[in-house]
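Accompanying notes for the structure given below.
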Amino acid sequence: MDLRNSLFGSKSSGQQQRAPGLPGRQVQRQPDAYGSPRQQPSPMPPSRYDSPNSGGYGGYGTPPLPQRTPGGYSEKPRGRAVRLQLKKVQDKTIADHYIFGNLCAVSPNDFPTRDRDDKVYIRITGPQLRGDYVVTAKPLPGFEDGCISMSDPQRTWCGIGLTDVIEGEPYDPFSHGASAYVGSMDVEIGFASTKKITDVQYDQDQLAAMFNGQFADHILAPGQRILMDVSNVPLMIKVKTITLVDLGNMSGDAPTRSDQGARGILMPQTSINFFKDASSPIKLKGSTKRAAANAIIAPDFKFEDMGIGGLDAEFSTIFRRAFASRIFPPGIIDKLGIMHVKGMLLYGPPGTGKTLIARQIGKMLNAREPKVINGPEVLNKYVGQSEENIRKLFADAEKEYKEKGDESGLHIIIFDELDAVCKQRGSGAGGGTGVGDSVVNQLLSKLDGVDQLNNILLIGMTNRKDMIDDALLRPGRLEVQIEISLPDEFGRQQILKIHTAKMKENKVMSDDVDVGELAALTKNFSGAELSGLVKSATSFAFNRHIKVGTMAGVSEDVTNMKVNREDFLNALSEVKPAFGVSDEELEDAIVYGIVHYSPLVQTIISNGLTYVENVRQAERLKHLSVLFHGPPGSGKTALAAHIATKSEFPFIKLVTPQALVGFRDEVAKKDYLHKVFTDAYKSPLSILILDNIERMIEWNPVGPRLSNTILQALLTLLQAPPPKGHRLLIMATTSQRSVMEQLDLTAAFDREIAVPAVRDIRELSNVLREGNAFESQSDVNEALNTIPEYSGGDQVGVGIKTVLTIAESARLAGAEPGQWFAEQLGAQIARSNPRV
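So the sequence shown is residues 320 to 1155, counted in our numbering.
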C-alpha cells in the first residue's frame, strides 16, 4: 500500500472528497461543528460546472495532484511563467466559493489541468514583493487570460496591490526536498469582521477537524491568512508556524519548526494548535489534545524580533518566573493551589534596556496591548486624584475577573520610573502632604489586597531600587526582581549587530568593521551608549562627504558613503561609558610613568596583580581591600593606577579628595561616596581607588580632628560585600598610616602594601637615568656628585614623584641644571629627614 494512502485513511461512507496525489482515495467530509452537516457558503450552480462524478465542495471535486514516484512525477505540472494582473470574479456566488475556499481563480489557458476540477499550485513572484509566495488555485472556465483573482487576505499576505502586475508559474511542492507535508501548525484565530461576532465558545478540536477537512491539500506557509466560515460567522485564521514532515521517511525524528520561508501541504491528520487573537473577542474552549487556547506567549515569538541583545539569561528568568505558569490550563494551576506572579521589578543602570523591554514586550505576549504609564504621570495636584489614577489602571482587570474568573485574559501594566511615586513611606515623598504614602498604599492594596486578582501582571522599572518601599518588594507583589545590568562582551556583540544590521543589509558598512573587535573595546558600555557609539561613527562618515569649505554642502560621491573601522575608533574616543574606566584620571596619576628604580617596585606591582587575580578568579574571595602607605610623593597613587590599568577590569574609578570639595555638608559627601560604591556594584568586575584617604575624612592634627560621618561611612563601605555576581577590589592610599591605625581604619583593610621613598644615591641614579630626567649624562653625574654636599651623605628619603618634579623643573633652570637640581633636592632631603 502506498504510504500516503495509509496515512490519509481509507475509503468510508458519506459525502466524499478526493485528496491530492491520490485519485482513488476518498476522505470523509467533515460535518459542521455547530449544527448540521457543513453547508458551504454560496454553492456554485451545479448545471454549469458539475460533472456526474465530481464530489465535494460545491460540485468542485478536490483534484488528483501528480503522483509522486521514486523516479519523480508521472505527470509534471504543465505550463510556464505567466504575467498576471489582478481581476475580480464577477459572479458573487462563484467569488464567494473561491474566497472561502482559500482559492485563486486563473484561466485554464494559462494553467491547464487534466481535469477541470483539478487544483494547481502557483508560485507568485514580482519585483514589488518581499519574496515568493505559493497559492492554491483552480482554473475557472471563461476567466480572462493573463489574470488572477485573489481575496483580500491573500493580497494582504503577499503584499500585492490592486494594480500590481505579478508573475506566476506552476509550483512543484517536492522540488525543494522531501518534507513537503505539514505535520503540525500553530494558527491565530479571531473574528474576520467586527460586525459579525458571537458569544459562542468555539471548541478547538472541532475547529481543527473543520479546517483539516476544508483545506486539506492546500499549500500553507507562515504568515498566510485564511477565511473560514463557521455557521455564517467568518473567522480569520493566520498561520504562525508550521512543522514539516517527510511521509517517505517516518523515522520518528522530531521535525524542526519552520522558518518564514517554509511551506507545506496540509493533511487531514495535521495537528493544529489554535491561539486566540489578542485583539479579537473570540472565545475558545480548551482542547483535550492541544495546549491551552489562551497561551500567553505568541507561538512565533523570537527574541531577535524584539531588537534587544545581551539579555538572554534575564529573559529566561522572566519567562520562568512570570509567564511559565500562564501557558498551562487553569485546571492544572488550580490543582497546584498556586497564584500566578502578579508583579516583577526590572532594575539596573540607566540605558541598559529596561524601558526598551517595556516597548517591545507586546511582541512577546499573545495578550491585549499593555498599559504603559510613567511614574510622574500618576501624581496630581488635586486631593485623591493620584490614588484614583492608580485605581483606573486596575479597573478593566477587576471588571473582567469578576465576570470570567480564571478564564479572564491577562492584563499587563508597565510602570516606568516606579521610584517616582513608590518611595519609602514616611520619607516625606509627596511634599509633606502624604500623597506619596497614599499612592503606595493604594498600589499595595490593588496588587495583594483583600480582593485578590489573578489576571494582572505589573512590571515596574527603576534605576533606584533602594528607594522603593519594602512592602512592594515582598512575595505576592513585585516578587520577581530582575537586575538588567551592563551587557557582557557577548551581549555587546549582539547589541552592536542589532544597531548595525541595516548598515550591513544595505552595504553601507565597510568590510573592515569587526563587530567582535568593537564589543571587546566597549567595556561597560550600556545598550544606549552602544547606540550612541554607532551614531557617532556615522557622523564621522558623514563628515567625509561634506564639501570642503562648506557646512551643509554634500559631495557628489555621497552615494558611495561607507562607515568604516576608523569611524568607529574615532567614535570610541568621543563616546565614553558612564560606568567605565576613568582613563583621563588614571593617565594623570601616572603622568611620569612607572620607573623601576628598585626591586621593590616590581614586587609591589606583582603583589598588586596577585590581589587582582584573587578577586577575578577566587571562588570565595570576591571582595578585597588593600592599603598603600608611604611618605608623600612616593608613587602610591601611580602604582595603584598602574595595577588597575593592568587588570583590564571593566570598571575602574579613581576617587580623590578634590571630588568632595564642592559638597556643602557631610551628608552630601557621604551620599557621593555611597553612589561611587553603588556604581561599582553595577559592573561584574570593579576597582575603586580611594586616593589620600586621610584627606577624605578631613583629618586635621589640631582643632576639629576629622569628620566622623565620613569616617563611619568609609568603614562600612570598605567592609560591605558586593551583591551576588559582582566582585570588587578597593585600593586606598595614605601618607599617615599611624593616623589610620589610631582611627582603627587599618583594620578595615585586608592587605597592606608599603611604598618606600627613594632611599639612597644609588636608587636616585636609577630614577634619573630610567626616567630620562636630564638631556645629558654629564648633568646626571653632576647632580649625583653634588647632592651629598647638601644632604650630608648618601641617604635621600624623598618620594620618587618629588624627585621627578624637581628634575622636570631643572631642565628649565638655565645653564647648570644638575647643580640646580642638587640644590633643590638637598633642601627637600633636609626637610624630609630632619636628623640629616
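Glycine is no exception: its CB is placed at the ideal position from the N, C-alpha and C atoms.
First through last residue of the beta strand (DSSP E) which encompasses M555: Taken as a continuous stretch (DSSP letters only), the beta strand (DSSP E) holding M555 covers 552–564.
Selected residue, minimal CA-CA separation from I733, among T562, N592, I680: I680
For S944, the three-state DSSP class (helix, strand or coil): strand
Limits of the beta strand (DSSP E) - the one that M1059 falls within: Per DSSP, M1059 belongs to no beta strand (DSSP E); it is in the alpha helix (DSSP H), 1056–1061.
Within 8 Å, strictly: CB atoms of R935 and L1004: yes
At least 3 beta-carbon pairs within less than 8 Å: the segment 1079–1098 vs the segment 942–953: no
Stretch pair the segment 1138–1146 + the segment 1093–1107: three plus CB contacts closer than 8 Å: Flag = yes, the segment 1138–1146 and the segment 1093–1107 touch.
Residue burial classification, P371 (beta-carbon count within 10 angstroms, cutoff 16): In this predicted model, P371 has a pLDDT of only 34, less than 50, meaning its place in the structure is not dependable enough to derive any value.
DSSP beta-bridge partners of V1099: V1099 is not bridged to any residue.
Rounded straight-line distance, which links the Cα of G445 to that of T575: Note that T575 scores a pLDDT of 48, beneath 50, so its modelled location is shaky and nothing firm can be said.
Cα-Cα separation between T455 and H537, rounded to whole angstroms: 6 Å
Spatial distance of A1039 from F844 (CA atoms): Computed Cα separation, rounded: 26 Å.
Identity of the residue in K941, A1032, F947 nearest V986 by Cα: Minimum Cα-Cα distance from V986 among the listed residues K941, A1032, F947 corresponds to A1032.
Element boundaries [alpha helix (DSSP H), containing R884]: DSSP places R884 in the uninterrupted alpha helix (DSSP H) bounded by 884–893.
Cβ pair count under 8 Å reaching 3, the segment 901–916 against the segment 972–980: Verdict: yes, contact present.
Backbone CA spacing between H1045 and E707 [nearest angstrom]: Straight through space, the alpha carbons of E707 and H1045 are spaced by roughly 41 Å.
Top-ranked residue by Cα proximity to G670, from S503, A897, L405: A897
Simplified DSSP assignment, three categories, for D522: strand
Option in Y991, G450, I923, P969 with minimal Cα separation from I962: I923
DSSP beta-bridge partners of A456: C423, V439
Test item: CB-CB of K604 and Y500 under 8 Å: In this structure, the beta-carbon distance from K604 to Y500 does not fall below 8 Å.
Selected residue, minimal CA-CA separation from A677, among N592, T412, T781, F530: When C-alpha distances from A677 are compared across N592, T412, T781, F530, the shortest belongs to T781.
Sequence ranges, beta strand (DSSP E) only - wholly within the segment 647–697, length at least 3: 662–666, 690–693
C-alpha distance - V1117 paired with E1089, whole-angstrom precision: 17 Å
Opening and closing residue of the beta strand (DSSP E) in which E790 lies: The sequence given here places Ala at residue 790; Glu does not occur at that position. It is not in any beta strand (DSSP E) - A790 carries neither H nor E in the DSSP assignment.
N862 - partner residues in DSSP beta bridges: Answer is none; N862 lacks a bridge partner.
Terminal residues of the beta strand (DSSP E) in which L973 lies: 970–974
Buried or exposed by the 16-neighbour rule on C-beta atoms within 10 Å, applied to T412: exposed
C741 (DSSP reduced to helix, strand or coil): coil
Contact with chain C by L1064, beta-carbon distance below 8 Å: Here there is only one protein chain, and chain C is not present.
Beta-carbon spacing of L805, F887 below 8 Å: no
Length of the line joining the Cα atoms of S590 and A597: One Cα belongs to S590, the other to A597, and the distance between them is close to 22 Å.
Three-state secondary structure assigned by DSSP to T1052: strand
Inter-residue spacing [alpha-carbon to alpha-carbon] between I485 and L403: 5 Å
As assigned by DSSP and simplified to three states, the class of H537: coil
Whether I1072 touches N933 by CB criterion (8 Å): no
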